[in-house]
Amino acid sequence: MSRFSRALIVWYKQFKRELPWRNTKDPYVIWVSEIILQQTRVNQGLSYFNGFIDRFPTVKDLATASEDVVLKQWEGLGYYSRARNMHYTAKVITSELNGKFPDNYDDIIKLKGIGPYTAAAISSICYNENRTVVDGNVFRVITRIFGIDTPINTLKGKKEIESVAHELNDDNDSGTFNQALMEYGAIQCTPKAPKCNECIFNKECVALSNGLVDQLPVKEKKLVVKERFLNFIFMYDDHNQTIIEKRSKNDIWKGLYHFPLIESKSNISDTQVIENFGFKYDVFISSIKSYTHKLTHQKLNIQIVKLNIGTNNFSLFDRYKIVKVNDLENFAFPKPLERYINKL
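The sequence shown begins at -13 in this note's numbering and counts up one residue at a time.
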């Protein structure tokens, strides 16, 4: 086990990618990077990380910002509860912990939005606490090398792999070991076309010797995808004004803005959208756009009906916020609507 750890760390120091969060042990910076990379690949998340740290260089800067500003900075990353939880936790650290990030796993995991994986990453990288991280990359490396075919999305599978990974961590440099194990899965033992010929463990790898590389890790298929039909109305008047609303329910995109919405049980026509919204005067439909947007557990069928209401005013819609069309870019919108706005 100790030979595995030493060999892995030697490989890591030679081949690791140079990433900004690897040049610091600041727990705030590590925290931001780990939260962003939970649902985002490194090459996609790098620019978001740099932008977030530039905008909020310290935990206090994040805590004192408004939620709208934080969500706008997060725009495009998705899973916005991550940003809201970070904002909340930054306030707790600033107001209740004198601005100091906790320095051990047990206290870190008490913070909102931080689970076992992130707490282990922060405590091991920043404080060299003997904690082992297990993510998708680690699942892949461990199951292939040791030939583990227990489904990784079951409690039994997770515990089995966590146990092996922790045994491999010899506690000399837990932070570097964790980063090395994740990096090995990211650039060497990849999901498709892994570099088996160059693998430093190819002589020991059970999957390679038994032709199981493409079959491991194993996942049980349990995912049920809900299909939804969201019909947005982008209306504007002769003064280049429009109306938007902030989502407040415990649903997707909470805290983001959207256009007036009619949710239906199936696809409906633009005329039905207008009728369901309850317009009291004539309007002109100038265009219709349709998108399909997939989330982890939902398939969203999105229709955007663009309406010119002419000289009529928005007095009938007092629940909405009236803004200039040119100012829409200052508000945080879900990705499908952001893409639509960028084309206006």
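Here a beta-carbon is modelled for each residue, glycine too, at the ideal position from N, C-alpha and C.
Computed from a predicted structure; not experimentally measured.
Residue i and residue j closer than 8 Å at C-beta
i	j	result
leucine 216	leucine 286	yes
alanine 151	isoleucine 128	yes
glutamine 25	glycine 62	no
alanine 288	serine 273	Note on identity: in this sequence residue 288 is isoleucine, with alanine being the wrong assignment. No, Cβ-Cβ distance for isoleucine 288 and serine 273 is not below 8 Å.
phenylalanine 1	serine 19	no
arginine 126	cysteine 191	no
valine 199	proline 180	yes
Residue i to residue j span [Cα, whole Å]
i	j	result
aspartate 156	aspartate 313	55 Å
lysine 292	aspartate 54	25 Å
phenylalanine 300	alanine 318	22 Å
serine -12	asparagine 9	25 Å
isoleucine 219	lysine 96	42 Å
leucine 23	glycine 31	6 Å
tyrosine 222	asparagine 294	5 Å
isoleucine -5	arginine 325	42 Å
glycine 37	glycine 241	20 Å
lysine 189	lysine 11	35 Å
isoleucine 251	threonine 278	For clarity, residue 251 is lysine in the given sequence; the question names isoleucine instead. Computed Cα separation, rounded: 15 Å.
valine 204	aspartate 304	53 Å
Three-state secondary structure (DSSP) of residue i
i	result
phenylalanine 1	helix
leucine 23	coil
valine 192	helix
glutamine 30	helix
lysine 77	helix
Buried versus exposed, by CB contacts within 10 Å (16 or more), residue i
i	result
aspartate 40	exposed
threonine 228	buried
alanine -7	exposed
arginine 3	exposed
lysine 310	exposed
arginine 27	exposed
glutamine 165	buried
glycine 197	exposed
valine 210	exposed
phenylalanine 270	exposed
lysine 58	buried
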